[in-house]
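Residue numbers (the working numbering): 297 to 585.
All C-beta atoms, glycine included, are put in the ideal place defined by N, C-alpha and C.
Every value quoted in this text rests on a predicted model; they were computed, and no experiment measured them.
Each remark here refers to the structure printed beneath this line.
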Ligand SMILES: [Zn+2]
């Protein structure tokens, strides 16, 4: 085949003239949102867990396994969140593999020493906006090192996202300031959010990340509520609402709108993190405020 003159010229352009934005993979909608903010107009990360799937228990598609094997950078919360991803990341040829929970300065909390004292660190750390702040900066530095031609853009995007995050945090603090009563939640995901905004989580319907609470645990929760510890119970996206409704029927507390702390029911994209945090604050304030 003969190349046209212009195609022949293009074929000899030096590779270095084309800035290479790395292929980036993010594990969950939240991480995809934060990485997307840092990449801005330069590119969009590939999202592994979407469409309402439970990130704690997920099966990779073959195309996703290939994307992971060939990625320039992988950003993920950590093995506590997505244990199924641990071996895949370990054997991947990706240039950078960043466990967000391991980043210096990240505020980590352990799951409460209740039913499951051995569960270790609580992986839902994005619900503390201080952690999202640290991660934005670290994501920018990782991408800036891997793709120096665009370092200025990654850092500027992270700085703009951090400033927006600070405004959001102040707004959410104001919205949640009037919440005095305790809340009951569907799974043990809200410790960081409660610590940061001064909320009291009286109990989780499912201990740890178990899908369904047992009858004995439900009557324990009902006893806690009857002791006057909670005003509102929240179902959750991806969880059966029946235990929450049953608890409310048994104890007389209100049922709030379903919370979505992992963004599973939300449209993926740069704005997901802010939308997720805003929705949590609004729904909690509407029921328990
Ligand atoms: Zn969870």
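### Message
Quick check on residue 580: does DSSP put it in helix, strand or coil?
### Response
Here the question's residue 580 lines up with position 284 in the chain shown. Three-state result, residue 580: helix.
### Query
Contact check, residue 376 vs residue 329 under 8 angstroms by CB: the rounded distance?
By one-based count along the chain shown, residue 376 stands at place 80. By one-based count along the chain shown, residue 329 stands at place 33. Not quite, the Cβ-Cβ distance comes to about 20 angstroms (not below 8 angstroms), so this is no contact.
### Query
Which whole runs of the beta strand (DSSP E) in the region 499-550 are 3 residues long or more, in chain order?
none
### Query
Since residue 367 is in the beta strand (DSSP E), which residue starts that stretch and which ends it?
Counted from its first residue, the chain shown places residue 367 at position 71. No beta strand (DSSP E) holds residue 367; DSSP gives it neither H nor E.
### Message
ligand 1 and residue 482: does the residue's C-beta get closer than 6 angstroms to at least one heavy atom of that ligand?
### Response
Sequence index remark: in the chain shown, residue 482 carries index 186 (1-based). Result no, Cβ not under 6 angstroms from ligand 1.
### DSSP bridge partner residues for residue 342 (one or two, in chain order)
Counted from its first residue, the chain shown places residue 342 at position 46. DSSP, once it has assigned bridges, lists 321 as partnering residue 342.
### Task
For residue 569, name the three-state secondary structure that DSSP assigns.
Walking along the chain shown from the start, residue 569 turns up at place 273. The answer is helix: DSSP assigns residue 569 an H, G or I state.
#### Entry: At least three beta-carbon pairs within less than 8 angstroms, the region 385-399 to the region 433-453
yes
### Query
Where do the ends of the beta strand (DSSP E) carrying residue 482 lie?
Within the chain shown, numbered from 1, the residue matching residue 482 stands at position 186. Element bounds for residue 482: 479-483.
### residue 586, enclosing beta strand (DSSP E) - first and last residue
Any question about residue 586 goes unanswered here, given that the chain covers just 297 to 585.
### Task
Tell me whether the beta-carbon of residue 480 lies closer than 7 angstroms to the beta-carbon of residue 526.
Locating residue 480 in the chain shown gives position 184, counting from the first residue. Locating residue 526 in the chain shown gives position 230, counting from the first residue. In contact: residue 480 and residue 526 (Cβ atoms closer than 7 angstroms).
### Message
Please tell me whether, using a cut-off of 6 angstroms, the distance from the CB of residue 587 to the nearest non-hydrogen atom of ligand 1 is below it.
### Response
One cannot answer for residue 587 here, as it falls past the ends of the chain, which runs 297 to 585.
### residue 424 - DSSP class collapsed to helix/strand/coil
Within the chain shown, residue 424 is the residue found at index 128, counting from 1. Reduced to three states, the DSSP call for residue 424 is coil.
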